[in-house]
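Now the structure itself:
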């Protein structure tokens, strides 16, 4: 499978989703590269921060890269997007999120993340922390969903060796959070 490169650069840091899966990385120029979280383990085995990579795939409307192939230019290792194996058991819906912990974060927005249709659904802070919002909740905070804005959030997520990410239950500016859901504590 040969695809045309859409981006290349040096991996600055990995990013994770609130469940703790590596599902992307940031290049040194600030570009955000996404790939399926079920390939995160393979990716961190093939690429590490500081490695030069070439990415084939496509750019979405926000300028983020959806990777189909990642090539480590130092080692030549390649990773291809492919569906998860059918025989790998997935946790039942009742157990999804069982390992999440309460987290809080604040800082300066480096990038706005987007959902499938291009609508904002969160931010990546300068320190690499990912704060996810539902697209509906994000619509309440249009003025804060821009690079350079100072934001804060509390919610549930994961902190591990690759980073920190949370699904916000409250979002706003430092010291002024708005509760997003009535059935979650602030």
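In this note's numbering, the protein residues as written are 1 to 186.
Ideal placement from N, C-alpha and C gives every residue a C-beta, glycine not left out.
Predicted model only: the values in this text are computed from it and were never measured.
Going by the DSSP bridge assignment, what does residue i pair with across the sheet?
i           : result
residue 191 : The displayed coordinates of the chain run from 1 to 186. Any statement about residue 191 would go beyond what the structure contains.
residue 59  : 65
residue 113 : 122
residue 34  : 24 and 66
residue 19  : DSSP output for residue 19 lists no bridge partner at all.
In chain order, what residues of the same chain lie with their CB nearer than 6 Å to the CB of residue i, ignoring the 5 residues before and after it?
i           : result
residue 135 : 115, 119 and 121
residue 8   : 54
residue 124 : 110, 111 and 130
Residue i: buried (16+ other C-beta within 10 angstroms of its C-beta) or exposed?
i           : result
residue 2   : Confidence at residue 2 is low in this model, with a pLDDT of 49, below 50, so the placement of that residue should be treated as unreliable; the coordinate-derived value is given next. Exposed, by the Cβ-count rule.
residue 69  : buried
residue 22  : buried
residue 142 : exposed
residue 162 : buried
residue 104 : exposed
residue 78  : exposed
residue 101 : exposed
residue 18  : buried
residue 40  : buried
Which same chain residues end up closer than 7 Å to residue i when comparing Cβ atoms and leaving out the 5 residues on each side of it in sequence?
i           : result
residue 73  : 52, 53 and 54
residue 106 : 151, 152 and 174
residue 126 : 107, 108 and 110
residue 167 : 18, 132, 155, 156 and 157
In its own chain, which residues sit with a C-beta less than 8 Å from the C-beta of residue i, not counting the 5 before and 5 after it?
i           : result
residue 181 : 169
residue 138 : 119, 120, 121, 122 and 145
residue 99  : 19, 20 and 158
Reducing DSSP to helix, strand and coil, say where residue i ends up.
i           : result
residue 148 : coil
residue 47  : coil
residue 1   : With a pLDDT of 42 at residue 1, under the threshold of 50, the modelled position of this residue cannot be trusted, and the question is left open.
residue 39  : helix
residue 175 : coil
residue 161 : coil
residue 139 : helix
residue 75  : coil
residue 128 : coil
residue 82  : coil
residue 182 : coil
residue 10  : strand
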